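One structure is given below, encoded as structure tokens.
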Amino acid sequence: MSLIWRPVRVLLGLLLRRPILGTSVIPVLPTGQIVLIRRTDNGLWGLPGGIIDWGEDILTAARRELAEETGLDLLHVGRLVGIYSKPQRDPRFHSVCVALEAHVAGQPMVADPAEVIEISAFDPQRLPMRNLSHDHAQQLQDYLAGKTVLA
């Protein structure tokens, strides 16, 4: 039995122990304000985003997550802000995040109360940088500095 189990364990390890791919969206309103969500899981502010579903591309996932969490419509992507892959960036699991600037339209609203407590639009100079989830402070700093990073 152990001769069969060992290759199965190795195969499962290869298939299941992989980083999860996700996206975060930096939603920019026509006023220039940036929309953040307050998360239910940790009470911190963060960028909308999430895991890319099977069969989705990054843009489709970004558009879906933005609508699900904020009720906003993605008009167009401004630029790639970065790809963030440090194993500790997400306390739940190892994830790789593609961060995008998105020009958005609509009225921000809590569209999914299971994930979002509150939504607010902030002037870029007044973002709550000390109260952000995951590595979203780094993503926003890179965005505001005009960088495109691989971190």
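Numbered by full-length UniProt numbering, the letters in the sequence shown go through residues 1 to 151 in order. Don't be surprised by glycine CBs; every beta carbon is placed ideally from N, CA and C. Just so you know, these numbers come straight off a predicted model, no measurement behind them.
{"Asked": "If we require 4 or more residues per run, which alpha helix (DSSP H) segments fall completely within the UniProt domain \"Nudix hydrolase\" (18-144)?", "Found": "58-70, 136-144"}
{"Asked": "Nearest to L66 by CA position, among S24, D135, P30, L80, is which residue?", "Found": "S24"}
{"Asked": "So, A62 versus L100, is the Cβ gap smaller than 7 Å?", "Found": "yes"}
{"Asked": "I'd like to check one pair, P124 with L144: are the Cβ atoms closer than 7 Å?", "Found": "yes"}
{"Asked": "Leaving out five residues on either side along the sequence, give the residues of the same chain with a beta carbon under 7 Å from the beta carbon of P108.", "Found": "V35, T70, G71, L72, I119, A121"}
{"Asked": "Can you tell me the Cα-Cα spacing of A102 and G46, whole angstroms?", "Found": "15 Å"}
{"Asked": "When you compare only the Cα positions, how much space is there between V77 and R9?", "Found": "41 Å"}
{"Asked": "Can you name, in chain order, every residue of its own chain whose Cβ lies under 7 Å from the Cβ of D142, other than the five neighbours on each side?", "Found": "V81, G82, V149"}
{"Asked": "So, at 6 Å on beta carbons, what are the nonlocal neighbours of R130 in its own chain, with the 5 sequence-adjacent residues on each side left out?", "Found": "none"}
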